[in-house]
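Q: First residue of the sequence shown: 1, per the UniProt record's numbering; consecutive thereafter.
Note that beta-carbon positions come from the ideal geometry of N, C-alpha and C, so glycine has one too.
Here's a structure for you.
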Amino acid sequence: MAKFFKSFDDDNLNKIAESKEFKKAANDKNINEFINNKQFKEFKEKYNGKSEDEILRDAKNMSKKLKEQYGEEEYRKKIQDLKNFEMFLSPEQKKKMKKFLDSL
């Protein structure tokens, strides 16, 4: 998981950015709010270089806090929003995302 964000090299990013699906998603209000969210940017910085075990342990703890904060229904909605990004991931990244979500 630590290499999750590093695995987006420039060539792959350009291919993704030019795709019709990406352009549609780029105009989606919810996705833009997520990507530009201060907490998401802090997340990327915090976990850059961390081990997979560290990330999964912290994810489980964060999951508990979010369930308490949002309630079960809103929490599940936010997890579903996260799953919507799966179409933009490589097979390896999808596998890591599934492992991450399963750990929650």
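1. Can you tell me the Cα-Cα spacing of residue 63 and residue 87, whole angstroms?
2. Count Cβ pairs between the segment 37 to 45 and the segment 76 to 93 that sit closer than 8 Å; are there 3 or more?
3. Could you compute how far the alpha carbon of residue 67 sits from the alpha carbon of residue 44?
4. Consult DSSP for residue 103 and reduce its assignment to one of helix, strand or coil.
5. Is residue 89 helix, strand or coil by DSSP?
6. Go through its chain and collect everything with a Cβ distance to residue 89's Cβ below 7 Å, but skip five positions before and after it.
7. Quick one: what does DSSP say residue 61 is sitting in, helix, strand or coil?
8. Consult DSSP for residue 50 and reduce its assignment to one of helix, strand or coil.
9. Below 7 Å CB to CB, which residues in the same chain sit around residue 16 once its five sequence neighbours on both sides are set aside?
A: Quick answer:
1. Cα-Cα distance, rounded: 23 Å.
2. No, the segment 37 to 45 is not in contact with the segment 76 to 93.
3. Separation of residue 67 and residue 44 (C-alpha to C-alpha, rounded to the nearest whole angstrom) is 21 Å.
4. It is helical.
5. DSSP places residue 89 outside both helix and strand once states are collapsed to three, so it counts as coil.
6. Cβ neighbours of residue 89 beyond the five flanking positions: 97.
7. Helix, per DSSP.
8. Annotated three-state conformation of residue 50 is coil, per DSSP.
9. 22 and 88.
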